[in-house]
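The structure appears below as C-alpha coordinates.
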(Lines of atoms letter the chains of each structure in order from A and count residues from 1; the text may use other names and numbers.)
(Lines give C-alpha, C1' and ligand atoms only; values in the text may rest on other atoms or scores of the structure.)
Protein backbone atom coordinates (compact mmCIF):
# COMPACT_ATOMS: atom_id res chain seq x y z
CA UNK A 1 0.00 0.00 0.00
CA UNK A 2 2.95 2.33 0.59
CA UNK A 3 3.73 2.26 -3.12
CA UNK A 4 0.21 3.41 -4.06
CA UNK A 5 0.34 7.03 -5.20
CA UNK A 6 -2.03 9.59 -3.66
CA UNK A 7 -5.44 9.77 -5.31
CA UNK A 8 -4.79 13.34 -6.42
CA UNK A 9 -1.86 12.17 -8.55
CA UNK A 10 -3.59 9.12 -10.09
CA UNK A 11 -4.48 9.47 -13.75
CA UNK A 12 -6.52 7.25 -16.04
CA UNK A 13 -5.92 7.12 -19.77
CA UNK A 14 -8.23 9.60 -21.56
CA UNK A 15 -9.65 6.75 -23.64
CA UNK A 16 -10.73 4.86 -20.51
CA UNK A 17 -12.28 7.98 -18.98
CA UNK A 18 -14.23 8.60 -22.18
CA UNK A 19 -15.44 4.99 -22.22
CA UNK A 20 -16.69 5.26 -18.62
CA UNK A 21 -18.52 8.51 -19.37
CA UNK A 22 -20.11 7.10 -22.51
CA UNK A 23 -21.34 4.07 -20.55
CA UNK A 24 -22.95 6.29 -17.90
CA UNK A 25 -24.57 8.41 -20.59
CA UNK A 26 -26.33 5.57 -22.40
CA UNK A 27 -30.04 6.25 -23.00
CA UNK A 28 -31.03 2.97 -21.33
CA UNK A 29 -29.74 4.29 -18.00
CA UNK A 30 -32.58 6.36 -16.53
CA UNK A 31 -31.55 9.80 -15.27
CA UNK A 32 -28.04 9.32 -16.60
CA UNK A 33 -27.19 12.93 -15.69
CA UNK A 34 -27.22 11.95 -12.00
CA UNK A 35 -24.20 9.73 -12.59
CA UNK A 36 -22.37 12.22 -14.80
CA UNK A 37 -22.63 15.29 -12.57
CA UNK A 38 -20.35 13.96 -9.76
CA UNK A 39 -17.60 13.37 -12.32
CA UNK A 40 -17.44 17.12 -12.98
CA UNK A 41 -15.96 17.65 -9.51
CA UNK A 42 -13.28 14.95 -9.58
CA UNK A 43 -10.70 16.72 -11.67
CA UNK A 44 -10.32 18.87 -14.76
CA UNK A 45 -9.74 15.75 -16.86
CA UNK A 46 -13.01 14.17 -15.71
CA UNK A 47 -14.81 17.47 -16.25
CA UNK A 48 -13.63 17.69 -19.84
CA UNK A 49 -14.65 14.08 -20.47
CA UNK A 50 -18.12 14.36 -18.89
CA UNK A 51 -19.37 17.84 -19.81
CA UNK A 52 -19.97 17.13 -23.54
CA UNK A 53 -22.06 14.06 -22.68
CA UNK A 54 -23.99 15.88 -19.95
CA UNK A 55 -25.18 18.46 -22.45
CA UNK A 56 -25.55 16.01 -25.34
CA UNK A 57 -28.78 14.65 -23.83
CA UNK A 58 -29.90 17.18 -21.21
CA UNK A 59 -32.75 16.58 -18.80
CA UNK A 60 -35.09 19.58 -19.20
CA UNK A 61 -38.02 20.47 -16.97
CA UNK A 62 -39.79 23.70 -15.94
CA UNK A 63 -37.56 24.13 -12.89
CA UNK A 64 -34.25 24.16 -14.78
CA UNK A 65 -35.03 25.46 -18.26
CA UNK A 66 -33.81 29.04 -17.68
CA UNK A 67 -30.51 27.90 -16.18
CA UNK A 68 -30.02 25.54 -19.09
CA UNK A 69 -30.77 28.28 -21.63
CA UNK A 70 -28.18 30.51 -19.98
CA UNK A 71 -25.61 27.71 -20.01
CA UNK A 72 -25.95 27.00 -23.74
CA UNK A 73 -25.63 30.70 -24.59
CA UNK A 74 -21.98 29.78 -25.02
CA UNK A 75 -21.50 28.48 -28.56
CA UNK A 76 -19.07 25.86 -27.27
CA UNK A 77 -21.61 24.40 -24.84
CA UNK A 78 -24.49 24.70 -27.33
CA UNK A 79 -22.51 22.62 -29.81
CA UNK A 80 -22.57 19.68 -27.38
CA UNK A 81 -26.37 19.28 -27.68
CA UNK A 82 -27.48 16.26 -29.73
CA UNK A 83 -30.86 15.40 -28.17
CA UNK A 84 -33.41 18.08 -27.23
CA UNK A 85 -36.50 16.68 -25.51
CA UNK A 86 -39.08 19.34 -24.57
CA UNK A 87 -42.09 17.08 -24.03
CA UNK A 88 -42.08 17.64 -20.24
CA UNK A 89 -42.31 21.43 -20.49
CA UNK A 90 -46.11 21.25 -20.72
CA UNK A 91 -47.50 24.82 -20.44
CA UNK A 92 -44.37 26.60 -19.18
CA UNK A 93 -42.58 27.23 -22.48
CA UNK A 94 -43.02 30.34 -24.61
CA UNK A 95 -42.48 30.36 -28.37
CA UNK A 96 -39.54 32.76 -28.05
CA UNK A 97 -37.80 30.45 -25.59
CA UNK A 98 -38.30 27.48 -27.91
CA UNK A 99 -36.66 29.47 -30.70
CA UNK A 100 -33.64 30.24 -28.52
CA UNK A 101 -33.28 26.61 -27.47
CA UNK A 102 -33.20 25.46 -31.09
CA UNK A 103 -30.99 28.27 -32.38
CA UNK A 104 -28.35 27.64 -29.73
CA UNK A 105 -28.25 23.94 -30.60
CA UNK A 106 -28.23 24.21 -34.39
CA UNK A 107 -24.79 22.83 -35.10
CA UNK A 108 -25.07 19.15 -34.10
CA UNK A 109 -28.70 18.65 -33.02
CA UNK A 110 -29.84 15.19 -34.14
CA UNK A 111 -33.06 14.48 -32.20
CA UNK A 112 -35.81 16.99 -31.40
CA UNK A 113 -39.06 16.38 -29.50
CA UNK A 114 -41.39 19.38 -29.66
CA UNK A 115 -43.25 20.61 -26.55
CA UNK A 116 -47.02 20.60 -26.12
CA UNK A 117 -47.23 24.39 -26.29
CA UNK A 118 -44.76 27.06 -27.29
CA UNK A 119 -44.14 25.39 -30.64
CA UNK A 120 -45.65 26.09 -34.06
CA UNK A 121 -44.79 26.04 -37.75
CA UNK A 122 -42.82 29.25 -37.13
CA UNK A 123 -40.11 27.01 -35.66
CA UNK A 124 -39.88 24.72 -38.70
CA UNK A 125 -37.61 27.09 -40.72
CA UNK A 126 -35.23 27.16 -37.74
CA UNK A 127 -35.20 23.38 -37.48
CA UNK A 128 -34.54 23.08 -41.21
CA UNK A 129 -31.19 24.77 -40.53
CA UNK A 130 -30.21 21.84 -38.28
CA UNK A 131 -28.29 19.93 -40.93
CA UNK A 132 -27.63 16.98 -38.60
CA UNK A 133 -31.28 16.54 -37.54
CA UNK A 134 -32.34 12.91 -38.02
CA UNK A 135 -35.42 12.55 -35.78
CA UNK A 136 -38.29 15.06 -35.52
CA UNK A 137 -41.12 14.28 -33.09
CA UNK A 138 -44.19 16.54 -33.30
CA UNK A 139 -46.61 14.06 -31.72
CA UNK A 140 -47.01 16.00 -28.44
CA UNK A 141 -47.91 19.35 -30.05
CA UNK A 142 -51.39 20.71 -29.29
CA UNK A 143 -53.19 23.89 -30.30
CA UNK A 144 -53.50 25.76 -33.57
CA UNK A 145 -51.25 24.68 -36.43
CA UNK A 146 -50.60 26.25 -39.83
CA UNK A 147 -50.90 23.27 -42.16
CA UNK A 148 -50.04 25.23 -45.28
CA UNK A 149 -46.62 26.10 -43.83
CA UNK A 150 -46.25 22.50 -42.74
CA UNK A 151 -46.63 21.41 -46.37
CA UNK A 152 -43.97 23.89 -47.47
CA UNK A 153 -41.26 23.09 -44.94
CA UNK A 154 -41.57 19.37 -44.32
CA UNK A 155 -39.86 18.43 -47.57
CA UNK A 156 -36.87 20.64 -46.76
CA UNK A 157 -35.52 18.35 -44.02
CA UNK A 158 -32.91 16.75 -46.25
CA UNK A 159 -31.27 14.48 -43.66
CA UNK A 160 -34.33 13.52 -41.61
CA UNK A 161 -34.68 9.75 -41.12
CA UNK A 162 -37.55 9.49 -38.61
CA UNK A 163 -40.67 11.62 -38.30
CA UNK A 164 -43.58 11.58 -35.85
CA UNK A 165 -46.52 13.72 -36.89
CA UNK A 166 -49.39 15.11 -34.87
CA UNK A 167 -53.01 14.53 -35.75
CA UNK A 168 -54.56 17.17 -37.98
CA UNK A 169 -57.57 18.83 -36.44
CA UNK A 170 -60.05 21.18 -38.07
CA UNK A 171 -61.41 24.22 -36.28
CA UNK A 172 -64.24 22.02 -35.04
CA UNK A 173 -61.84 19.52 -33.57
CA UNK A 174 -62.44 16.83 -36.20
CA UNK A 175 -59.67 15.05 -38.04
CA UNK A 176 -59.19 16.10 -41.67
CA UNK A 177 -57.24 14.77 -44.62
CA UNK A 178 -53.79 16.24 -45.13
CA UNK A 179 -52.02 16.27 -48.49
CA UNK A 180 -48.26 16.68 -48.22
CA UNK A 181 -46.48 17.94 -51.32
CA UNK A 182 -43.15 16.40 -50.45
CA UNK A 183 -41.78 14.16 -47.73
CA UNK A 184 -38.16 14.40 -46.49
CA UNK A 185 -36.07 12.80 -49.21
CA UNK A 186 -34.25 10.27 -46.99
CA UNK A 187 -37.07 9.44 -44.57
CA UNK A 188 -36.87 5.85 -43.27
CA UNK A 189 -39.41 5.71 -40.41
CA UNK A 190 -42.69 7.51 -39.87
CA UNK A 191 -45.21 7.48 -37.02
CA UNK A 192 -48.64 9.00 -37.53
CA UNK A 193 -51.62 9.72 -35.32
CA UNK A 194 -54.43 9.11 -37.77
CA UNK A 195 -53.94 7.79 -41.28
CA UNK A 196 -55.09 10.72 -43.43
CA UNK A 197 -51.51 11.69 -44.31
CA UNK A 198 -51.09 8.48 -46.27
CA UNK A 199 -54.24 8.46 -48.36
CA UNK A 200 -52.88 10.37 -51.35
CA UNK A 201 -49.27 11.22 -50.49
CA UNK A 202 -46.29 10.04 -52.51
CA UNK A 203 -43.81 8.66 -49.99
CA UNK A 204 -40.04 8.43 -50.56
CA UNK A 205 -38.46 5.16 -51.68
CA UNK A 206 -36.26 5.15 -48.55
CA UNK A 207 -39.27 4.73 -46.21
CA UNK A 208 -39.46 1.18 -44.82
CA UNK A 209 -41.03 1.51 -41.34
CA UNK A 210 -44.58 2.79 -40.76
CA UNK A 211 -46.45 3.19 -37.47
CA UNK A 212 -50.09 4.29 -37.51
CA UNK A 213 -51.90 5.07 -34.25
CA UNK A 214 -55.66 5.66 -33.90
CA UNK A 215 -56.68 4.29 -37.27
CA UNK A 216 -60.30 5.25 -37.92
CA UNK A 217 -60.71 2.42 -40.41
CA UNK A 218 -58.21 0.12 -42.04
CA UNK A 219 -59.58 1.09 -45.46
CA UNK A 220 -57.71 4.40 -45.16
CA UNK A 221 -54.46 2.42 -45.36
CA UNK A 222 -55.31 0.78 -48.69
CA UNK A 223 -53.38 3.41 -50.65
CA UNK A 224 -50.29 2.76 -48.53
CA UNK A 225 -50.48 -1.04 -48.86
CA UNK A 226 -51.29 -1.20 -52.55
CA UNK A 227 -48.95 1.54 -53.78
CA UNK A 228 -45.97 1.27 -51.43
CA UNK A 229 -46.35 -2.09 -49.69
CA UNK A 230 -43.34 -3.63 -51.43
CA UNK A 231 -40.92 -1.27 -49.67
CA UNK A 232 -42.34 -1.71 -46.16
CA UNK A 233 -40.32 -4.02 -43.89
CA UNK A 234 -41.76 -2.90 -40.51
CA UNK A 235 -45.44 -2.15 -39.89
CA UNK A 236 -47.17 -1.16 -36.64
CA UNK A 237 -50.93 -0.63 -36.39
CA UNK A 238 -52.45 0.50 -33.10
CA UNK A 239 -56.01 1.76 -33.30
CA UNK A 240 -59.04 2.50 -31.23
CA UNK A 241 -61.05 -0.59 -30.24
CA UNK A 242 -63.76 -1.77 -32.58
CA UNK A 243 -65.63 -4.97 -33.33
CA UNK A 244 -66.36 -3.78 -36.84
CA UNK A 245 -65.35 -6.20 -39.63
CA UNK A 246 -63.61 -3.21 -41.25
CA UNK A 247 -61.05 -3.29 -38.43
CA UNK A 248 -60.03 -6.91 -39.05
CA UNK A 249 -56.84 -7.27 -41.09
CA UNK A 250 -57.47 -9.39 -44.15
CA UNK A 251 -54.84 -11.67 -45.60
CA UNK A 252 -55.03 -9.87 -48.95
CA UNK A 253 -53.07 -6.89 -47.66
CA UNK A 254 -49.97 -9.08 -47.24
CA UNK A 255 -50.02 -9.75 -50.97
CA UNK A 256 -48.82 -6.16 -51.37
CA UNK A 257 -46.12 -6.45 -48.66
CA UNK A 258 -43.83 -9.32 -49.70
CA UNK A 259 -40.85 -7.87 -47.80
CA UNK A 260 -42.52 -7.40 -44.42
CA UNK A 261 -40.13 -8.56 -41.67
CA UNK A 262 -41.68 -7.17 -38.47
CA UNK A 263 -45.38 -6.73 -37.75
CA UNK A 264 -46.70 -5.13 -34.55
CA UNK A 265 -50.46 -5.18 -34.10
CA UNK A 266 -53.11 -5.66 -31.44
CA UNK A 267 -54.66 -9.11 -31.48
CA UNK A 268 -58.14 -7.60 -31.72
CA UNK A 269 -57.37 -6.86 -35.40
CA UNK A 270 -56.45 -10.46 -36.24
CA UNK A 271 -58.42 -13.61 -36.92
CA UNK A 272 -57.35 -17.13 -37.84
CA UNK A 273 -57.91 -16.26 -41.52
CA UNK A 274 -55.52 -13.29 -41.43
CA UNK A 275 -52.53 -15.43 -42.40
CA UNK A 276 -54.14 -17.40 -45.22
CA UNK A 277 -51.49 -16.09 -47.60
CA UNK A 278 -47.86 -16.98 -46.79
CA UNK A 279 -45.46 -14.27 -45.58
CA UNK A 280 -42.10 -15.55 -46.71
CA UNK A 281 -39.91 -12.93 -44.97
CA UNK A 282 -41.78 -12.22 -41.73
CA UNK A 283 -39.42 -12.87 -38.81
CA UNK A 284 -40.94 -10.97 -35.89
CA UNK A 285 -44.53 -10.74 -34.63
CA UNK A 286 -45.33 -8.45 -31.72
CA UNK A 287 -48.70 -8.27 -29.97
CA UNK A 288 -48.83 -5.40 -27.42
CA UNK A 289 -51.60 -5.14 -24.87
CA UNK A 290 -54.69 -3.07 -25.71
CA UNK A 291 -54.84 0.55 -24.61
CA UNK A 292 -58.61 0.29 -24.36
CA UNK A 293 -60.99 -2.54 -23.37
CA UNK A 294 -61.31 -5.16 -26.10
CA UNK A 295 -64.84 -6.36 -26.61
CA UNK A 296 -64.23 -9.06 -29.20
CA UNK A 297 -63.56 -12.67 -28.18
CA UNK A 298 -62.70 -13.76 -31.71
CA UNK A 299 -59.06 -12.74 -31.66
CA UNK A 300 -56.20 -14.92 -32.83
CA UNK A 301 -55.35 -17.74 -30.41
CA UNK A 302 -52.12 -19.75 -29.88
CA UNK A 303 -53.58 -22.77 -31.68
CA UNK A 304 -54.41 -20.60 -34.71
CA UNK A 305 -50.88 -19.30 -35.00
CA UNK A 306 -49.40 -22.76 -34.37
CA UNK A 307 -51.44 -24.12 -37.27
CA UNK A 308 -50.24 -21.30 -39.54
CA UNK A 309 -46.61 -22.08 -38.68
CA UNK A 310 -47.12 -25.81 -39.12
CA UNK A 311 -48.54 -25.12 -42.60
CA UNK A 312 -45.30 -23.28 -43.52
CA UNK A 313 -47.07 -19.99 -44.11
CA UNK A 314 -44.56 -18.17 -41.90
CA UNK A 315 -41.33 -20.00 -42.82
CA UNK A 316 -38.93 -17.34 -41.47
CA UNK A 317 -40.74 -16.52 -38.22
CA UNK A 318 -38.29 -16.57 -35.31
CA UNK A 319 -39.78 -14.38 -32.59
CA UNK A 320 -43.26 -13.83 -31.16
CA UNK A 321 -43.72 -11.22 -28.43
CA UNK A 322 -47.06 -11.32 -26.66
CA UNK A 323 -48.31 -9.07 -23.87
CA UNK A 324 -49.40 -10.84 -20.67
CA UNK A 325 -52.80 -9.18 -20.95
CA UNK A 326 -53.85 -11.69 -23.61
CA UNK A 327 -53.21 -14.61 -21.20
CA UNK A 328 -51.82 -16.90 -23.86
CA UNK A 329 -49.75 -18.68 -21.23
CA UNK A 330 -52.98 -20.24 -19.92
CA UNK A 331 -53.79 -21.84 -23.25
CA UNK A 332 -53.19 -25.62 -23.51
CA UNK A 333 -51.83 -24.97 -27.03
CA UNK A 334 -49.14 -22.55 -25.90
CA UNK A 335 -46.64 -25.37 -25.47
CA UNK A 336 -47.18 -26.47 -29.07
CA UNK A 337 -46.50 -22.95 -30.30
CA UNK A 338 -43.32 -22.70 -28.23
CA UNK A 339 -42.08 -26.06 -29.54
CA UNK A 340 -42.62 -25.00 -33.16
CA UNK A 341 -40.54 -21.85 -32.66
CA UNK A 342 -37.80 -23.65 -30.73
CA UNK A 343 -37.46 -26.16 -33.58
CA UNK A 344 -36.25 -23.29 -35.79
CA UNK A 345 -34.14 -21.65 -33.05
CA UNK A 346 -36.90 -19.15 -32.34
CA UNK A 347 -38.79 -18.15 -29.20
CA UNK A 348 -42.09 -16.96 -27.77
CA UNK A 349 -41.53 -14.11 -25.30
CA UNK A 350 -44.09 -12.73 -22.86
CA UNK A 351 -43.79 -8.97 -22.43
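Residue numbers (our numbering): 53 to 403. For each residue, glycine too, the CB sits at the ideal point set by N, CA and C.
The alpha helix (DSSP H) runs lying completely inside the stretch 151 to 191 and spanning 4 residues or more are 176 to 180, given in chain order.
Leaving aside the five residues that flank residue 63 on each side, none in its chain has a CB nearer than 6 Å to its CB. For residue 261, the secondary structure class from DSSP, reduced to helix, strand or coil, is strand. Beta-carbon to beta-carbon, residue 402 and residue 374 are separated by about 6 Å, close enough to satisfy the 8 Å threshold. Looking only at 238, 193, 161 and 87, the smallest Cα-Cα distance to residue 169 is reached by 193.
Under DSSP, residue 137 shares a beta bridge with 165. Across the structure, residue 263 and residue 276 are spaced so that their CA atoms are roughly 12 Å apart. Secondary structure note for residue 374: its beta strand (DSSP E) is the uninterrupted segment 371 to 374. Annotated as distal: residue 302 and residue 330, with beta-carbon spacing of 8 Å or more. By alpha-carbon distance to residue 110, the top candidate from 137, 122, 126 and 98 is 137.
Counted as a single uninterrupted DSSP element, the alpha helix (DSSP H) harbouring residue 361 occupies residues 354 to 362. Distance from residue 315 to residue 287 at the Cβ level is roughly 5 Å; contact confirmed, criterion being Cβ atoms closer than 8 Å. Annotation for residue 400: the continuous beta strand (DSSP E) segment containing it runs 399 to 402. For residue 279, the enclosing alpha helix (DSSP H) begins and ends at 274 to 280. By the Cβ neighbour-count rule, residue 384 is exposed, with fewer than 16 other Cβ atoms within 10 Å of its own. Residue 376 and residue 323 have their alpha carbons spaced roughly 19 Å apart. Non-local beta-carbon contacts of residue 325 in its own chain, meaning distances under 7 Å to residues more than five positions away in sequence, involve 303 in chain order. In the DSSP assignment, residue 338 forms a beta bridge with 316 and 373. Contact check for residue 258 against residue 270 fails: the beta carbons are separated by 8 Å or more.
With respect to the C-alpha of residue 261, the residue from 234, 336 and 241 having the closest C-alpha is 241. Its chain contains 316 and 373 as the residues whose beta carbon lies nearer than 6 Å to that of residue 338, once the 5 sequence neighbours on both sides are disregarded; these appear in chain order. DSSP places residue 243 in the strand class (E or B) of the three-state scheme. Secondary structure at residue 287: strand, using DSSP grouped into helix, strand and coil.
For the set 378, 393, 341 and 265, the Cα lying nearest the Cα of residue 362 is the one of 393. Judged by beta-carbon spacing, residue 290 lies beyond the 8 Å limit of residue 309, meaning their Cβ atoms are not closer than that value.
Residue 336 is positioned such that its CB atom lies no closer than 8 Å to that of residue 389.
Taking C-alpha positions only, residue 67 is separated from residue 108 by approximately 18 Å. Between residue 162 and residue 134, the gap from beta carbon to beta carbon is short of 8 Å.
By the C-beta density criterion, residue 156 is buried, having at least 16 other C-beta atoms within 10 angstroms. Residue 187 and residue 154 have their C-alpha atoms roughly 14 Å apart. If the five residues before and after residue 281 are omitted, its C-beta is found closer than 7 Å to the C-beta atoms of 308 and 309, all from its own chain and listed in chain order.
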